[in-house]
Structure formats: C-alpha cells, structure tokens
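First to last, the protein sequences are chains A and B. Heads up: the first sequence is residues 27 to 538, going by the numbering used here. Heads up: the second sequence is residues 57 to 490, going by the numbering used here.
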Amino acid sequence: MYTNELVAAIAINSTCLWGGVAVQKSNGTLEILAVAQEANIDNAIRLGQIWNRKSAGQLVSNIINKLESQLDQVNITKVYVGVGGQSIKARPYTITHTLVEKQDITEELMDELMNQNTSQDFGRYRLLQAIPQRYTVDNITQDTPPVGVMAQHIRIDYLNLIWGDRFEENLAHVFQECNLEIADVLPIPVTMGKHMLTDTERKAGSIFIDMGAQVTNVNLYTDNLLRHTFTIPLGGDNVLYDIANELNIQSLPDDTMEGLINLADTSENPQDSETLEIDNKMIRRMTINDIATARVEEIVENIWSLLLPYEHQRANNTVLTGGLAQLQGLNTIFEKRTQLPKRDIRIEPFIRINCGLQGYLDCTNSGHLNALLTTLQEAKAGCCEDAIRVQRDLFGNKTETIRPTEGRKLTKEELKLAKSSMDDAKDTISSTHAENEEETFRVESTNEANTNFAQEVQTDEVAAQQEPTTSHKEKVHEKTSKKKSFMRALGVHSIINTLRNGGVVNDDETVI
Amino acid sequence: MEQEYFELVDTPKPVNQSIIKVVGVGGCGNRAVYHMYEKGIKDVTFANCNTDRQDLDKFEGPERVQIGKEGLGAGGDPVKAKEIADNDRDRIYEMLNDGTKMIFITAGMGGGTGTGAGPIIAQVAREMGILTVGIVTIPFILEGIPKIKQALEGLRILFNEVDSLIVLSNQKLLEMNYQGEDIPKSQMYDIVNDQIATAAKSIAELITVTGEENIDFNDVQRVFKDGGISLISAGETNEKENRINKSIDAALNSPLLNNNDMRKAKALIFHCTSTQDNEITSRDMQDITKFTNSLRRDIFIKQGSTYQDDMNKTLRVTILASGFGIDNLPFLPPELQEEISEEEKKKRKEEEEKWEKDIRTVYGEVYFRNQNRNFYIMEEDELDDDIVIANLMETPPYSRSTAKLNEMKDARALKKQSIKEKKKEIIKNTGISF
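And the structure:
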C-alpha cells in the first residue's frame, strides 16, 4: 500500500468528534485503517458546530495523534471535514445566460456560471457546497452538464448549501492552528443522504431525517435530486434534559434512550404504568414517556412545518437515522403527526457503505460512524504524505521525520506472521475497549507488516476469519453509547447558558 | 316582583356534650358532614352552614344554619358568599358558642359558599379562641380550569384564616380508587365524602377515644395551633414481619400527601391502632424510633396507641403532621391583586405561568396528559437564532405554559416588526428596495 492513496477525514458530530483514515478500493469499498474518537466535546462543539476554538483545536490534535499512532509511518497533512450541525440550510439560486449566437457550451462557460453563483453575497452565511440541480438549454431540461451541446440560452438551477460565517471562520482557524490543510468541507446531511438512501428512494422521492444528539438534519429528495435541507437545533439530548429537568433528577440511567423510553406508550392510567426508582425517587415510566413524547412530537411538528412549503407530498419514503431514531415507537409519532402511512417509514440505523476497520471491525454495524464513513467515502486520496516515520518526544510532539523505503507486497511467510499478529491485536482491542477511558478504537498495528497486511485481507477466506463476533460488536456499541445520559442532559444546560450569554464561552479563546 | 325569601328558621340547637364540632360549609361540605353524621364519630357534633336553604334542608340530622336572609345561595360566587357570611357573623358565633373547643371546617373549594363563607367562619371561630382546622377538597380535573383557579384562590384565603389546613385532592382520590373507570357522579362524590370523614374521624377520635397511650385535646392543639398546612395519612398491614416500617411506608407513600416530605414537619402525632393481642412490641418501638429520628430535631412528637377489637391482625399507623409552610403547597396562588396596572403586564404573565405550574403540581401527569402541548413551530430564519434555540431548549414542551409560548411568539413578531421597520428606513434613506 502507498501512503498517498490514503484519505483522512474528521467528522464533527453533535455527540463526539470522529476521525478516520481509509483507502478507497477500486470496487467502491472502503478499507478503514484507523478510527479515533474524542467523546468529551461539551466545551468545544455545540449543536454540531465549533464553539470554542482552543478546545476544538486540542480535540483535533488528539484525533490526528491517535490516528497517526495507529498508522505508524503516516503523517496526516490534509483532512476532509464533515460538518452537519446548526445553521446548515439550503438556498436555491437560478442563473440564466444568453449567448450572442448558438454555440457549443464549454466547460469554461459552466465554470464561469458556477463562479457567478458562488460569488454572490450570502449575508452572514457562507457557501458550503453548490449543487447544480437542473440544466435547461433552449427549453430542454437535463440533469447532466450540457457541455458540448449547441444552444443559445442556458439556465442552471443551483441548490446552495450555506452555513453561518462564524462557524466557517472557527473551522478554518482550528485547522490552521493544527497545521492541517482542509481538503474540503463536506456537508454531512448531504453525504449521508447520498449513501443511506438507494437510488430508487431518491428517484421516488424521500425525506431523509438524521435525528442526532443535539441537531436533527432533514433532507428532501425528489426526482433523484436534493431539493431542500435544513437543520433543527433539537435532538436526543433535549429529550434527556427535559426528563432530568421535569422530574428534577440528578442522574439518569445510562439506558434512558436505548431501553427506557417508549414513545408508543398507550397507558391510560398512571396506576397501570410501571414505577421506577431513579435517583431515589419513584417515577412512573408513563411520565418519562410523556415528557419524551412531547419533545419528539415538537421536533416532528417542526420538521413537518418546515417541509410544508416544499414538494414533500412527492416524497414517498421517509428514512430515519441517528440516535433519536432508535427510540421505541418513533414510527407512531411520525404517523400521528404527519399522517404518513406506516409502510413508508423506514428506520435505517446503519450505513450501507461496504467497509471494515482493518478487516475485523465491522464499522457498518455502528450507527455512530455514519457521518465519518460517508465523509471518508466522499473524500479524495492524497491526504497523507508518502510514508514518513514520525518520531515523537515524551509529550507526543513530532521531533523528526524519516522517509522510509517505499511499501512493498509481503511474502507468504510475512503474511502468515502478520495474520497471527493481527489476531493478537484483536484480543488487545477487546480488552482495550473495556478499559480505555478515552473510548478510542485503538488498533495495535504498529509494525509495517500489519499496515501492509490490510491490503491483503480482501480474500473471502481471510474476510470470513475476520468477521467480528457478536459479543465484540456489542462491546463496541456499548462503549460508544456509554456516554452518560445525564452528562448529555447537562450539556444542553450549558448550551442554553452559552446561547443566553450571546454565545460567550468561558474561555479566553472566545469567538463569538 | 317581590323577591321570595326562605324563612329564617334554624334547627334547635342540640345539647352539646362534645368539645369538637364538624361544620360543613356549602353544598360539598354539607354532603360530607351528613356522610359523617350517618357514619358516626364518637363525641362529635355536626353542623351544616349554607347560603342555600334548599340545599341545607336536604340533609336532615346535623344542626342546620342558614347564612344570610335570602337562603337563595351565592350563585357560585365566592365574593358574594363572603359578603353574606360577613353580614351574618352573629349567627355563626351562635352556632359555635356552645362549648366547642375545636372545629373542623369541611368545604369543597371552587364553588361559592364553601370558598367564600368558609374563611369567615374560620375567622369567627378563631376570634372565639376555638382551634380551627380546615379539611377541604379541590375539584376534579373534569370540573374545568375556572373552577380549579377559584378553588386555589379560595385555598390561600382560607389558609390565612385557619390554624391548620388539610387539603384533599378529589382527582387523586378518584385516580386511587377508580383508575380511569367511567363511574356515576354520585359515586365520585362518595369517595370524597368518605375521605373527608376518615380524616375528621381519625383526628377527632384521637381525642375522644381513650387510648392505651392516650392523646388528649392539648396534644392535638399543640400540633394544630398555628400549624399551617397539615397532613394526615394512615397505612396498615396484616403482616407480622417488619410491620411498622411497612405501615409507615404505606402511610408516607399515599398519593394524598402530595409528595410532601414528612421530614419538614414541625409537629407530629404517631398513632397505632391494633387489637390488644396484637399490640406493638419492643422491636416495633425500635422501628418507630428509627422513623422519628429521621425527622427534624426540634420536632414535637406525640405517640399514642389504641386497642380496637375489630382490627383482627391488622396494625394501622396514623401519622398526623403539621407545620408545613405555604411553600409546601406550592400550588397556592399569590393573593389576588385587585387592580393590575398596565406596567404589571409582565407580572401577570408570570402569574399566568405560575397558575399552570400550580395546577400541574396539584394534578400532576394526568393534567398534562390531557392537555394540548404548547409546541413552538420555528420558521426557517429561527433555526439559527440563539435566543429562540435557548428558549426552546429551556422549556420542555411537556410543561411549556401558554404564557411562555405566547411570549416566544410575541418576541418573534417583535423581531419581524423591527426588521420590517429597519428595511423601510433603509429604503427611505437609500432608495434600495429588498
């Protein structure tokens, strides 16, 4: 494997910061080589966007260090950044252009029109991505760029995804401070919609809803095109906050979201409801369900109301993903509040990208990685420098880089040795997951053989051996969802305070 | 046409052999007293007061006292009832001037006479040096918000006039007994009457029934005198093992206690009832001490026990506690302001919010389950508005008040208006149109 084939990405989620390094295979699969997570983002990331630049910078550095330590001899210089938080919205824009006379439409003209679109003033917003949607040349509409078509009139409908200027500035500042080049900023709602919906679903029209911890992204697709996207600044953490706040509970059980809440609770009488002891208080499960239902209903009402002006009636499918979508009975609320027939609602927790972490961790079964995986899939190679050995001092700072010899294919003996070494690593991972406080997927592949081995694990036989065990999957899931429910509820409290203070964070590196 | 009045004839005063009198005020209070009268409480006399003669005459047996000349009722207006009672203080005085040392005023809050005349009767009684305890109910949720509001307002007024006030929630009684069943109206009121009777009987018989470890009038007076909000609860068990703790738990977990923390009580009577064969043991006494040790250090505690032959193997623990402040009934509304100036608009809004909170405290999840939620539906511009987001996050939609929702909507309208004005100004100054 050659280092310059690697792609590196960081996805900024409202729950945590994920980083990953992967190789995109020619068959469309993604080979994940390293994944790292920073879970304690409360001070740095708010509503999925960077608030505190100093703390966020530290987190990004940590992620890069973790990734590099998993991939010895790799120096990450450039990353793709997936963003999907507050303030991302769509603004349609149409450009019409008339040529002096009929002539072939050229690439240059298309670029010029795109420039015209991107250079417009978005006020306090910045352009995140411009998506050309439809091209109309002399009254004939097509979905592909009409380069080479002879025409006089051209009209292009763009959908511009924009986001708050303060967030763009924060992002640029953080990565600059970390000496990292931003290869591109990718909107997570769009990348996820692309990879989590089938072509048929997009063609038939779909509403794709990612219900995250602090924000809910909504995409509307019709005719295979993204028509609209918006982000509601409410999510699963608000449900937890409401419960803690209403019931005056000091600590929520860890499985509040996963097992406790049932939005389809139809108990008529409080007495019928199970009574739970939480924080030394006897609390009816019905009350918890009612509080959660109220918040989820409010989110769904908002989604529906914001979709109303658009062609939502043409969307035949509704696909839900994200942590909040895992709540029991969410279907019921969607049916009740949106009059959607039951068969049209599908909950899709996991992404469909065919990939694996070093061949033995099935990332596709962890919904937490959706944002990262889609960002990696959209990234283009060239994020890492050619194999460079990085030496670090006691504090983890880079002191020296040594260019080693080019990578080569392993001999059969070496391959055998590497395989047994990987098996050992697998055991280490299991134990590390149980103990590691930082919740990092630490891959103990520190020798060259292991790195090279990754490209060899494509055969069915080896792949079969690398199938993760159920218990391992569970452990991974358990670990990633272990963040205390109550801490998340507290996070909302601190967000409220920050918003109330006009966005001022208690830190010298305050931005807003 | 000349107004026809009912003739002002009270029933002859019974010869009083008791120091305790239960006075029912208004329709609901009268019904409760009649229920007690039929059930019988040892050495207690009963009197019914009403502004409505017809209503009063329905209940033969207890002493009947018509308040006001007309006898036509107060039309559900507490202010009118208060006025009528205020003008007829002498009659109230007469009713109580028979050696009574303690009265229970039972009334249903939310109507006219009970809510309006109740506090006047309490005032007269206290002026006469009579220990006055109110045992009142607050309406069922299905009786509507206006009645609930009227009840809670009346409650605050009565609280200031009595020595001690025991509040029973009809809704909680209904939930405890029928769990959402569709039951006849009379049955609904039966459970309320029963509960009032049980409360009055439990307290009265602490004094009137001579116990093994006796509790006398002065003990009860010490608990109730200026006792603020009081609570009474009983729990019983047939089991032998750990029976004191089980009974205490049952008593403390009664929904009627309104989640009040017994540890805040300033005075408490702990009373056990059982057969003589089943009397409390030294281990039971240890458990009782364990419980009393968990209370405030400066608390006044009186323990008592009575043998009752029909108890079989059952042990009943009755806990009577007082000294809870007005804060312990957080649903009591602030005193009515007669005039609310324009500047106090904000205050009114807050008050309205408090109302919703108070009603919620009283009725709990049942009220909220039956309410339309005050969802705030954002406009696209607001998705990125920090203040809107903070407001949304801060107020869970489960309990978001209409006042809060209106405030958020008003803020939106104001913002839109100011943007519109700014745009106008720009157009005016620069000629640039949007």
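C-beta: ideal position from N, C-alpha, C; glycine also.
{"Asked": "Whole-angstrom Cβ separation of Ile371 of chain A and Thr347 of chain A, contact assumed at under 8 Å?", "Found": "Not confirmed; about 12 Å, so no contact."}
{"Asked": "Do Met165 of chain B and Gly131 of chain B have their C-beta atoms closer together than 8 Å?", "Found": "no"}
{"Asked": "Using only CA atoms, which one of A:Leu59, A:Cys204, A:Pro335 and A:Gly262 lies nearest to Met449 of chain B?", "Found": "A:Gly262"}
{"Asked": "May I ask you to report which of helix, strand or coil DSSP gives Ala70 of chain A?", "Found": "coil"}
{"Asked": "What would DSSP say about Arg181 of chain A, mapped onto helix, strand or coil?", "Found": "strand"}
{"Asked": "In whole angstroms, what is the alpha-carbon distance linking Ile203 of chain B and Pro134 of chain B?", "Found": "The residue asked about is misnamed: residue 203 of chain B is Lys in this sequence, not Ile. Approximately 11 Å, taken between the alpha carbons."}
{"Asked": "Using CA atoms only, rank isn't needed, just tell me which of A:Thr257, A:Ile89, A:Ile131 and A:Ala82 is closest to Ile182 of chain A.", "Found": "A:Ile131"}
{"Asked": "Tell me Asp108 of chain B's beta-bridge partners as DSSP assigns them.", "Found": "B:Leu128"}
{"Asked": "Taking DSSP's pairing of strands, which residues face Thr347 of chain A in a bridge?", "Found": "A:Asp236"}
{"Asked": "In terms of alpha-carbon separation, which member of A:Gly149, A:Phe148 and A:Leu125 lies closest to Glu138 of chain A?", "Found": "A:Leu125"}
{"Asked": "What does Ile445 of chain B touch in chain A if you count any residue whose Cβ is under 9 Å from its own?", "Found": "Leu73, Gln112, Pro259, Leu260, Ile521, Ile522 and Leu525"}
{"Asked": "Could you list which residues in chain B have their beta carbon closer than 8 Å to that of Tyr267 of chain A, in chain order?", "Found": "Met449 and Pro452"}
{"Asked": "Under three-state DSSP, which class holds Pro158 of chain A?", "Found": "strand"}
{"Asked": "In terms of alpha-carbon separation, which member of B:Ile336, B:Asp414, B:Asn153 and B:Leu461 lies closest to Ile433 of chain B?", "Found": "B:Leu461"}
{"Asked": "What does Ile433 of chain B touch in chain A if you count any residue whose Cβ is under 7 Å from its own?", "Found": "Glu327, Asn328 and Ser331"}
{"Asked": "Check whether the Cβ atoms of Leu43 of chain A and Glu57 of chain A sit closer than 8 Å, and answer yes or no.", "Found": "no"}
{"Asked": "Can you confirm whether Glu57 of chain A, when its beta carbon is compared against all beta carbons of chain B, has any partner nearer than 8 Å?", "Found": "no"}
{"Asked": "Would you kindly work out how many angstroms separate the C-alpha atoms of Trp189 of chain A and Asp466 of chain B, rounded to a whole number?", "Found": "27 Å"}
{"Asked": "Just to confirm, are Ala290 of chain B and His91 of chain B a CB contact at a threshold of 8 Å?", "Found": "no"}
{"Asked": "Using a threshold of 8 Å, state whether the C-beta atoms of Pro453 of chain B and Arg429 of chain B are closer than that.", "Found": "yes"}
{"Asked": "Work out the CA separation of Glu463 of chain B and Ile191 of chain B for me, nearest whole Å.", "Found": "38 Å"}
{"Asked": "In whole angstroms, what is the alpha-carbon distance linking Val200 of chain A and Ala156 of chain A?", "Found": "24 Å"}
{"Asked": "By DSSP's criteria, Phe11 of chain B is part of a beta bridge. Which residues make up the other side?", "Found": "For residue 11 of chain B there is no data in the structure shown, the boundaries of chain B being 57 and 490."}
{"Asked": "Tell me the rounded alpha-carbon separation between Ser310 of chain B and Arg456 of chain B.", "Found": "28 Å"}
{"Asked": "Mind listing the chain B neighbours of Phe256 of chain A? Cutoff is C-beta to C-beta under 8 Å, in chain order.", "Found": "Glu436 and Leu439"}
{"Asked": "Can you say whether Gln240 of chain A is buried or exposed, counting buried as having 16 or more other CB atoms within 10 angstroms of its CB?", "Found": "buried"}
{"Asked": "Quick check on this structure: which residue in A:Ala116, A:Ser145, A:Cys204 and A:Ser40 has the alpha carbon closest to the alpha carbon of Lys104 of chain A?", "Found": "A:Cys204"}
{"Asked": "Skipping 5 residues on each side, what residues in its chain have a beta carbon closer than 7 Å to that of Met136 of chain A?", "Found": "Pro171 and Val173"}
{"Asked": "What does Lys92 of chain A reach in chain B if we use C-beta pairs closer than 7 Å?", "Found": "Here the premise fails: no neighbours, minimum Cβ distance about 32 Å."}
{"Asked": "For Asp305 of chain B, name the three-state secondary structure that DSSP assigns.", "Found": "helix"}
{"Asked": "Is Ser40 of chain A closer than 8 Å to Gly108 of chain A when the C-beta atoms are compared?", "Found": "no"}
{"Asked": "Could you tell me which residues DSSP puts in a beta bridge with Trp411 of chain B?", "Found": "Paired residue(s): none; Trp411 of chain B is not in a bridge."}
{"Asked": "Hey, Leu230 of chain B and Leu221 of chain B: beta-carbon distance below 8 Å or not?", "Found": "no"}
{"Asked": "Within 10 angstroms of its Cβ, does Ile483 of chain B collect 16 or more other Cβ (buried), or is it exposed?", "Found": "exposed"}
{"Asked": "Give the residues of chain B in contact with Gly190 of chain A, contact being defined as C-beta atoms less than 9 Å apart.", "Found": "Asp440"}
{"Asked": "My output table needs one value for Val180 of chain B: the three-state DSSP class, helix, strand or coil.", "Found": "helix"}
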